[in-house]
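Protein chains: 2
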Amino acid sequence: MSRVVQPGNAANERMTGKNGTVHISAKADYGMRALLELVAAYRVDPLQLVKGEAIATAQQVPVKFLEGILRQLRQSGIVASQRGADGGYRLDRDPSDVTIADVVRALDGPLAAVRGNRPEDVEYPGASEHLREVWIAVRAAMRHVLEGISLEDVALNRLPSDVTELLAEPGAWQRRKP
Amino acid sequence: MSRVVQPGNAANERMTGKNGTVHISAKADYGMRALLELVAAYRVDPLQLVKGEAIATAQQVPVKFLEGILRQLRQSGIVASQRGADGGYRLDRDPSDVTIADVVRALDGPLAAVRGNRPEDVEYPGASEHLREVWIAVRAAMRHVLEGISLEDVALNRLPSDVTELLAEPGAWQRRKP
DNA sequence: TACCTTTGCTATCGACATACTAGGGAAAGC
DNA sequence: GCTTTCCCTAGTATGTCGATAGCAAAGGTA
């Protein structure tokens, strides 16, 4: 509808709808951004509360949608909340103790799936006998990255060394030729 | 109408539609399996044609759906086809020259997306300034695995060393505790 | 030529997920 | 009480995904 485009992707091509085998959903993206706002507050005072609307305006995210995300994060024990005037949200765990995988799993469920099944559950006949190992490896790579980065790492821009090596690979910042 | 997945039912559950931020679609899964059948034929005779229905029954995949997949793979230059009696499909490139990333891109488009946009296109304000690096790293990790494995590697079960290291990680074959 | 086989293509379908919005209700504090 | 804030359920628009049907086009065979 109103095409809420991020302030960075100007005259690029439209990628309408869901695209990509690894897809960071709006929930995961908004959730991470909300949590990074809470990390900033946490570093001032670990018990400081931030209102949902403050987070929403700071990150330019629909406020009612964000409320649902924050509720899920609370139910997963990542965030604590308080109601009433001067209420709000805060981190309930140390930022160094919450990984991106924690956040993604809390909001979107399991990291990886093959046709809706867990990778270790699929069976392959005949010539595709060893395909399962491939999907397991994909999931393992995903876990390796997402479980190795904490909220603190992102907030302070201090990513693990193997992750920065990934970023230093040639062409990591460009898209592949179609 | 609880859509809750029973955790104890191992054999046949479907996990309720699409799930997972890395999702290997039916197209990618079926496409890989079809190609591995074609690799087996290729090793006998690189020009040998295999009928769509033969592939479908060998891999237990819906025929008409597979036809569309094979057509996409032909349009991407991965397979060749011939019509008429004694027609069929064959690999059009050497199995060592086709990576899993090639297949996935041919069938499902770009490897990674953040809310439908390319990871390098999203822009983050304030506290989430460095979130983009994370998504870029996720995509780089995906590329590193999928561009490093060829059809031949899977057919002969000779995965690259860094991939087998991923598979040897403790817990790689088990799901994480919910 | 007529006929059969096999791929090529388009259109369509139901089911479900995604990304929201609406409109309240419940608690905390003054 | 009253206000503020989070909590919750339900609903909607849109799109994708997995799959099927039907027919056209290309190639071989008699």
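Going down the list, the protein sequences come from chains A and B. Numbering follows the numbering used here, in which position 174 of the first sequence is assigned residue number 154; successive positions increment by one, without gaps. Numbering follows the numbering used here, in which position 76 of the second sequence is assigned residue number 56; successive positions increment by one, without gaps. Idealized CB from N, CA, C, for every residue including glycine. Treat the numbers as computed from the prediction; the structure is a model and nothing was measured.
Along the chain, which unbroken stretches of the beta strand (DSSP E) at least 3 residues long are found entirely within the region 26 to 96 of chain A? If we require 3 residues or more, the beta strand (DSSP E) runs fully inside the region 26 to 96 of chain A come out as 59 to 62, 68 to 71 and 92 to 94.
How do the region 118 to 129 of chain A and the region 35 to 44 of chain B stand: do at least 3 beta-carbon pairs fall below 8 Å, yes or no? Contact between the region 118 to 129 of chain A and the region 35 to 44 of chain B is absent, because fewer than three Cβ pairs lie under 8 Å.
At least one CB of chain A closer than 8 Å to the CB of residue 36 (chain B): is that the case? For residue 36 (chain B), no Cβ of chain A is located within less than 8 Å of the residue's own Cβ.
With H, G and I counted as helix, E and B as strand and the rest as coil, what does DSSP make of residue 159 (chain B)? In the structure displayed, chain B extends from -19 to 158; residue 159 (chain B) sits before or after that span and is not available.
For residue 133 (chain B) and residue 144 (chain B), the rounded distance between their alpha carbons: If I take the Cα positions, the gap works out to 12 Å.
Would you report the Cα separation of residue 69 (chain B) and residue 141 (chain A), rounded to the nearest angstrom? Spanning the two alpha carbons is a distance of roughly 45 Å.
The alpha helix (DSSP H) spanning residue 143 (chain B) covers which residue range? For residue 143 (chain B), the enclosing alpha helix (DSSP H) has its first and last residue at 141 to 148.
Between which two residues does the alpha helix (DSSP H) carrying residue 102 (chain A) extend? Residue 102 (chain A): not part of any alpha helix (DSSP H); DSSP gives it neither H nor E.
Counting only beta-carbon separations shorter than 8 Å, does residue 72 (chain A) have a partner in chain B? No - not a single Cβ of chain B is within 8 Å of the one on residue 72 (chain A).
Residue 69 (chain A): contacting residues in chain B (beta-carbon distance under 9 Å): Under a criterion of Cβ atoms nearer than 9 Å, no residue of chain B is adjacent to residue 69 (chain A); the nearest Cβ is some 14 Å distant.
By the three-class DSSP mapping on this structure, what secondary structure does residue 5 (chain B) have? Correct three-state label for residue 5 (chain B): coil.
Neighbour list for residue 58 (chain B) in chain A, Cβ cutoff strictly below 8 Å: Simply none; closest approach about 14 Å.
Let's test the definition: count the other Cβ atoms within 10 Å of the Cβ of residue 95 (chain B) and tell me whether it reaches 16, buried, or not, exposed. Counting Cβ neighbours within 10 Å, residue 95 (chain B) comes out buried, since at least 16 surround it.
Rounded to whole angstroms, what's the CA-CA distance from residue 124 (chain A) to residue 147 (chain A)? Just pull it up for me. Their Cα atoms are separated by approximately 15 Å.
Report yes or no: do three or more beta-carbon pairs, one from the region 98 to 107 of chain A and one from the region 6 to 22 of chain B, lie closer than 8 Å? Yes, the region 98 to 107 of chain A touches the region 6 to 22 of chain B.
Going by DSSP, which residues form a beta bridge with residue 130 (chain A)? Within the DSSP bridge table, the entry for residue 130 (chain A) names A:79 as partners.
Measuring straight from C-alpha to C-alpha, what distance separates residue 100 (chain A) and residue 153 (chain B)? Spanning the two alpha carbons is a distance of roughly 6 Å.
So is residue 47 (chain A) in contact with chain B if we call contact Cβ pairs under 8 Å? Put simply, the CB of residue 47 (chain A) is far from chain B, with every gap to its CB atoms at 8 Å or more.
For residue 17 (chain A), which of helix, strand or coil comes out of DSSP? The answer is helix: DSSP assigns residue 17 (chain A) an H, G or I state.
Buried or exposed: residue 113 (chain A), going by 16 or more other Cβ atoms within 10 Å of its Cβ? The residue in question, residue 113 (chain A), is buried, as its Cβ has 16 or more Cβ neighbours within 10 Å.
Inspect the beta-carbon positions of residue 12 (chain B) and residue 116 (chain B) and report whether they are closer than 8 Å. At the C-beta level, residue 12 (chain B) and residue 116 (chain B) stay beyond 8 Å of one another.
If we define contact as Cβ-Cβ less than 8 Å, is residue 1 (chain B) a contact residue for chain A? With 8 Å as the cut-off, residue 1 (chain B) counts as an interface residue toward chain A.
Interface flag, residue 106 (chain A) vs chain B, CB-CB below 8 Å: Residue 106 (chain A) counts as touching chain B.
If you count every other CB in all the chains shown that lies within 10 Å of the CB of residue 0 (chain B), and 16 or more means buried, which is it? Buried: at least 16 other Cβ atoms inside 10 Å.
What does a CB cutoff of less than 8 Å around residue 67 (chain B) pick up in its chain, not counting 5 residues either side in sequence? For residue 67 (chain B), where only same-chain residues beyond five positions count, the Cβ hits under 8 Å are 29, 31 and 61.
Cβ of residue 119 (chain A) within 8 Å of any chain B Cβ: Taking Cβ atoms only, chain B reaches closer than 8 Å to residue 119 (chain A), which makes this a yes.
Own chain partners of residue 72 (chain A) with C-beta closer than 7 Å, once the 5 adjacent residues on each side are dropped: Excluding positions up to five away in sequence, the list reads 57, 58, 59 and 60.
Flag residue 139 (chain B) as yes if its beta-carbon sits less than 8 Å from any beta-carbon of chain A, otherwise no. At least one chain A Cβ lies under 8 Å of residue 139 (chain B).
Cβ distance (whole Å) where residue 88 (chain A) is taken to contact residue 34 (chain A) below 8 Å: Contact between residue 88 (chain A) and residue 34 (chain A) does not hold, since their C-beta atoms are separated by about 25 Å, which reaches or exceeds 8 Å.
Would DSSP call residue 0 (chain B) helix, strand or coil? If DSSP states are grouped into helix, strand and coil, residue 0 (chain B) belongs with coil.
Starting from the beta carbon of residue 77 (chain A), find every residue of chain B whose beta carbon is closer than 9 Å, and list them in chain order. Those do not exist, as residue 77 (chain A) stays about 16 Å from chain B at its closest Cβ, beyond 9 Å.
Any beta-carbon of chain A closer than 8 Å to the one on residue 149 (chain B)? Yes, residue 149 (chain B) counts as interfacial toward chain A.
On the CB-based measure, 16 or more other CB atoms within 10 Å of its CB, does residue 86 (chain B) come out buried or exposed? Answer is buried; the Cβ neighbour count reaches 16.
What would DSSP say about residue 106 (chain B), mapped onto helix, strand or coil? Three-state result, residue 106 (chain B): helix.
Count the other CB atoms within 10 Å of the CB of residue 24 (chain A); is the residue buried (16 or more) or exposed (fewer)? Classification of residue 24 (chain A): exposed, given that the 10 Å Cβ count is below 16.
Min CB distance residue 90 (chain B) to chain A below 8 Å: At least one CB of chain A lies nearer than 8 Å to the CB of residue 90 (chain B).
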